[in-house]
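**Q**
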Amino acid sequence: ENNPDSEFTPTPVPETIPRYTYDDLVERMQKAGAKTEWGDDLYPSNLKKIGLDGFYFITDWPLGPKPFYVKDSKANPKISESFDLMFGDLELSSGSTRIEKRDELAQRMSNKGMKTDSFEYHLNAFDYGVPPHAGCGIGLERLIMSLTGTENIRDTTFYPRDVDRLTP
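Here it is in structure tokens:
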């Protein structure tokens, strides 16, 4: 339980945050005995085996585990232009450059087994021209949890929900 009178030591945020490529981390995990292959998502249980802590970025992800709208690299079409910001084994944010061409987006959706007619409203916007763009999503509660050293995400969520609690 939280004690508002307890001492609080915030997690230090470094001036520079290390970057690791997906390939580097997969190699480290395999050396540490994790059963992971190139193209797999990087699961927290495997990340724990290589002992990274603090903040770091994972770059050069394969397209497979990333959402349909993530752009592939011009240098290698099997690699995505994306990143994850991590804190230990906890993903805080994911971001990417996004596909801006309707035909490419529709093809990627089909490749991932999605029905493009279910997304026609979204695809129609691309008929009017979409500029190159990028974006990210931040898990605010996860970020607060890592900065404050909080053990449970429910303690950083305004109205936490779980299978036993659906209303405040």
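Residue 21 is where the sequence shown starts when you use the numbering used here, and the numbers rise one by one after that.
Glycine included, C-beta positions come from ideal geometry on N, C-alpha and C.
1. Short check: CB of Gly-159 to CB of Ser-113, under 8 angstroms?
2. Just to confirm the assignment, what range does the alpha helix (DSSP H) spanning Tyr-141 have?
3. Starting from Ser-102, trace the beta strand (DSSP E) in both directions and tell me its first and last residue.
4. Pull the bridge partners of Glu-111 from the DSSP assignment, please.
5. Take Thr-177 and list the residues in its own chain whose beta-carbon comes closer than 6 angstroms to its own, dropping the five residues that flank it on each side.
6. State the Cα-Cα distance for the pair Leu-83 and Pro-38, rounded to the nearest angstrom.
7. Let me confirm a value: Glu-128 is counted as buried when at least 16 other C-beta atoms fall within 10 Å, else exposed. Which label applies?
8. For my contact list, Met-134 and Phe-103 are in at a C-beta cut-off of 8 angstroms; report their separation, rounded to the angstrom.
9. Look up Ile-78 in the DSSP assignment and say whether it is helix, strand or coil.
10. Short check: CB of Glu-120 to CB of Pro-151, under 8 angstroms?
11. Could you pull the start and end residues of the beta strand (DSSP E) that Arg-39 belongs to?
12. Run through DSSP, which three-state label would Asp-92 get?
13. According to DSSP, is Ala-52 part of a helix, a strand, or is it coil?
14. Between the Cα of Leu-110 and those of Lys-86, Lys-98, Asn-96 and Leu-67, spot the shortest distance and give me the residue it belongs to.
15. Just to confirm my understanding: we take Trp-81, look at its own chain, exclude 5 residues before and 5 after, and list those with CB closer than 6 angstroms. What are they?
**A** On the basis of the coordinates in this document:
1. Position 139 of the sequence shown, counted from the start, is the residue given in the question as residue 159. Position 93 of the sequence shown, counted from the start, is the residue given in the question as residue 113. Contact: yes.
2. Working through the sequence shown from its first residue, we reach residue 141 at position 121. Per DSSP, Tyr-141 belongs to the alpha helix (DSSP H) from 140-145.
3. For the purposes of this step, residue 102 is taken as residue 82 along the sequence shown, with counting starting at 1. Its beta strand (DSSP E) spans residues 102-107.
4. Indexing the sequence shown from 1 puts residue 111 at position 91. According to DSSP, Glu-111 bridges with Met-106.
5. On the sequence shown, position 157 is the one that residue 177 refers to. Here the set comprises Glu-161.
6. Residue mapping note: residue 83 aligns to position 63 of the sequence shown, counting from 1. Residue mapping note: residue 38 aligns to position 18 of the sequence shown, counting from 1. Each residue's alpha carbon lies about 22 angstroms from the other.
7. Counted from its first residue, the sequence shown places residue 128 at position 108. According to the sequence shown, residue 128 is Arg rather than Glu. Counting Cβ neighbours within 10 Å, Arg-128 comes out buried, since at least 16 surround it.
8. Position 114 of the sequence shown, counted from the first residue, corresponds to residue 134. Position 83 of the sequence shown, counted from the first residue, corresponds to residue 103. 23 angstroms between Cβ atoms; not a contact.
9. Start at 1 with the first residue of the sequence shown, and residue 78 comes out as number 58. Three-state result, Ile-78: strand.
10. Translated into positions along the sequence shown, residue 120 becomes position 100. Translated into positions along the sequence shown, residue 151 becomes position 131. Yes. Within cutoff.
11. As a working note, residue 39 is residue 19 in the sequence shown. Arg-39 -> beta strand (DSSP E) spans 39-41.
12. Looking up residue 92 in the sequence shown gives position 72. Residue state, collapsed to three classes: strand.
13. Counted from its first residue, the sequence shown places residue 52 at position 32. Looking at Ala-52 - three-state DSSP - the assignment turns out to be coil, as it is neither helix nor strand.
14. As a working mapping, residue 110 is identified with position 90 in the sequence shown. Of the listed residues, the one whose Cα sits closest to Leu-110 is Leu-67.
15. Here residue 81 corresponds to residue number 61 of the sequence shown, with the count starting at 1. Here the set comprises Tyr-42, Ser-100 and Ser-102.
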